[in-house]
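Asker: Residue numbers (full-length UniProt numbering): 1 to 477.
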Ligand SMILES: Cc1cc2nc3c(=O)[nH]c(=O)nc-3n(C[C@H](O)[C@H](O)[C@H](O)COP(=O)(O)O)c2cc1C
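1. Taking the C-alpha atoms as reference points, what is the distance between residue 32 and residue 372?
2. Using 7 Å as the cut-off, classify the Cβ of residue 40 as near or not near the heavy atoms of ligand 2, replying yes or no.
3. Any heavy atom of ligand 1 closer than 7 Å to the Cβ of residue 275?
4. Under the DSSP definition of a beta bridge, which residues are partnered with residue 120?
5. Taking the beta strand (DSSP E) that residue 59 belongs to, which residues open and close that run?
6. Are the region 169-188 and the region 128-143 in contact at 8 Å, needing three or more beta carbon pairs?
7. Do residue 69 and residue 139 come within 8 Å of each other at the CB atom, strictly closer than that value?
8. Would you kindly work out how many angstroms separate the C-alpha atoms of residue 193 and residue 351, rounded to a whole number?
9. How far does the beta strand (DSSP E) with residue 272 in it extend, from its first residue to its last?
10. With 16 as the cutoff for other CB atoms within 10 Å, does residue 323 come out buried or exposed?
11. Does the beta-carbon of residue 156, which I'm using as the reference point, lie nearer than 7 Å to any heavy atom of ligand 1?
12. List in chain order: all unbroken beta strand (DSSP E) runs of 3+ residues lying wholly within the region 121-192.
13. Tell me whether residue 47 is buried or exposed, calling it buried when 16 or more other Cβ atoms sit within 10 Å of its Cβ.
14. For the alpha helix (DSSP H) holding residue 219, just list the boundary residues, first then last.
15. With burial defined as no fewer than 16 other Cβ atoms inside 10 Å of the residue's Cβ, what is the status of residue 19: buried or exposed?
16. Drop a sphere of 10 angstroms on the beta-carbon of residue 374, count the other beta-carbons inside from all chains shown, and report buried for 16 or more, exposed for fewer.
17. Just list the residues that DSSP pairs residue 101 with in beta bridges.
18. Name, in chain order, the residues that DSSP records as bridge partners for residue 72.
19. Entirely within the region 261-334 and at least 3 residues each: give me those beta strand (DSSP E) ranges in chain order.
20. At the level of alpha carbons, what is the spacing between residue 280 and residue 135?
21. In angstroms, rounded to a whole number, what distance separates the CA positions of residue 329 and residue 293?
22. Have a look at residue 208 and residue 167 and give me their C-alpha separation to the nearest angstrom.
23. Would you identify the three-state DSSP class for residue 345, choosing helix, strand or coil?
24. Please report the residue range of the beta strand (DSSP E) in which residue 237 lies.
25. Take residue 230 as the anchor and find which of 219, 60, 357 has the nearest alpha-carbon.
26. Using the C-alpha atoms, what's the distance from residue 179 back to residue 87?
27. How close, in whole Å, do the beta carbons of residue 102 and residue 83 come, if the pair is a contact with beta carbons under 8 Å?
28. Does the region 36-43 come close enough to the region 56-68 that 3 or more CB-CB pairs lie under 8 Å?
29. Under the rule that 16 or more other beta-carbon atoms within 10 Å means buried, what is residue 196, buried or exposed?
30. Going by beta carbon distance, what residues of the same chain come within less than 6 Å of residue 234, once the five residues before and after it are set aside?
31. Helix, strand or coil for residue 204, going by three-state DSSP, please let me know.
32. Kindly list the residues whose CB is nearer than 8 Å to the CB of residue 254, restricted to its own chain and excluding five residues on each side of it in sequence; keep chain order.
33. Looking at the structure shown, is residue 20 part of a helix, part of a strand, or coil, going by DSSP?
34. DSSP on residue 444, reduced to helix/strand/coil?
35. Can you name the residues that DSSP bridges to residue 215?
36. Is it buried or exposed for residue 24, if we count other Cβ within 10 angstroms and need 16 for buried?
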């Protein structure tokens, strides 16, 4: 006869999926389709473009630890952007004029809660010092452990760290303790697969115990070329190890769209998917088919130029991505390549409504002496350094919009820093070209209900165009 105890025995508890806690100012990588870190292609305007089309999170381009250390933080009063700047060395030439360079830009209004800063490092002490410079302005710090370029690996950084797991573990543990915990943001790592699955297994098993909240795996080995198809057969094993430790696992390699990313997440049980090269050629890949799918290139280029002008992006970098976004056979491609100013680019593309803003930016950047034909109106300087037209003409740039809380906070903390004390609200208008909200309407599936428990390019991946490199700090990974 069955006893009361056996008849009323509770059903076995549902399997508890452990999860490392996500710090208060951090972000959970689960159920996210994200923009990959990309030197040159991952500057502020491209990140804003990806967010506009529905990317859930964006990684900034790898930035080397030493270049961030000592960088000055300031808020650009014209657009509310946070800029990290430093004076480059003048190569020992005392008469050479030195111009400060902007190493990193953040748009606090649009990137708040969605930006991950990627570090190139091989030294825990330098990693911490560099991460502290940006920790207040980002949601996470990611360590690049996948860049195969000799200039990165020769310094022990990038993919070299895959071969020095003790060092990589030490860097991550130190960042977790000295940056993640005090600043309440997540620390994560981006790796490549190793050729032998058991080696990948041994490495990942160690990494997930460091206190990281996320691990991205680029499903190519270090010697593989970018054109070689990603290898996904190690993914289930990597996912299992991450999940056993409560760490989010993001897959990368040949993910071409949001829709495909969501399907791959389902197929492999990964928590998120990261897109690089497909976003370089058309960032609207972050938009689902249901919400319109891939947008025509002219629309994407228009949106991109709006963000470039608003962000005061360096022309060389703007042209670099335009060359990716504009199909090579179009006449506009040739014209854009030859243009030396924002005005001429917008004229060539017939974006007439952007001309006043483009002209003002050219003046601000000192490019107006390169105009093919000067505009038929004169732009007068405003107190902020931007210019206003003297006659009525469509004027798209920098129309002020109410400052968001994030921008206000950024500007207040900037003012406070400068003053060495209490925050003062500045009245400088925030220029914006257009709204930055995602176009996507549908969203990623809701995360499964879980219980939180404490748990604890090979040869060539991307072209290096040294002459046009935005900042020496950033390397192509
Ligand atoms: C132009 C370019 C720059 C890149 N820069 C970085 C970088 O800074 N950090 C990094 O971890 N990976 C970098 N990568 C690698 C990508 O993040 C990604 O891992 C790789 O392109 C594979 O993704 P995909 O198949 O979607 O292109 C870069 C790739 C490209 C094409």
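Note that CB positions come from ideal geometry on N, CA and C, so glycine has one too.
Because the structure is a prediction, the values reported are computed rather than measured.
Answerer: Judging by the given coordinates:
1. 44 Å
2. As presented, the structure is devoid of ligand 2, carrying ligand 1 as its sole ligands.
3. yes
4. 64
5. 57-59
6. yes
7. no
8. 44 Å
9. 272-275
10. exposed
11. no
12. 140-145, 186-192
13. buried
14. Looking at the DSSP string, residue 219 is not in any alpha helix (DSSP H), and its letter there is neither H nor E.
15. buried
16. exposed
17. 86
18. 85
19. 272-275
20. 26 Å
21. 23 Å
22. 14 Å
23. helix
24. Element bounds for residue 237: not the beta strand (DSSP E) but the alpha helix (DSSP H), 235-245.
25. 219
26. 26 Å
27. 5 Å
28. yes
29. exposed
30. 193, 197, 200
31. helix
32. 219, 229, 230
33. coil
34. The pLDDT assigned to residue 444 is 34, lower than 50, so where the model puts this residue is not dependable; a value taken from the coordinates is nonetheless given after this. Correct three-state label for residue 444: coil.
35. 189, 249
36. exposed
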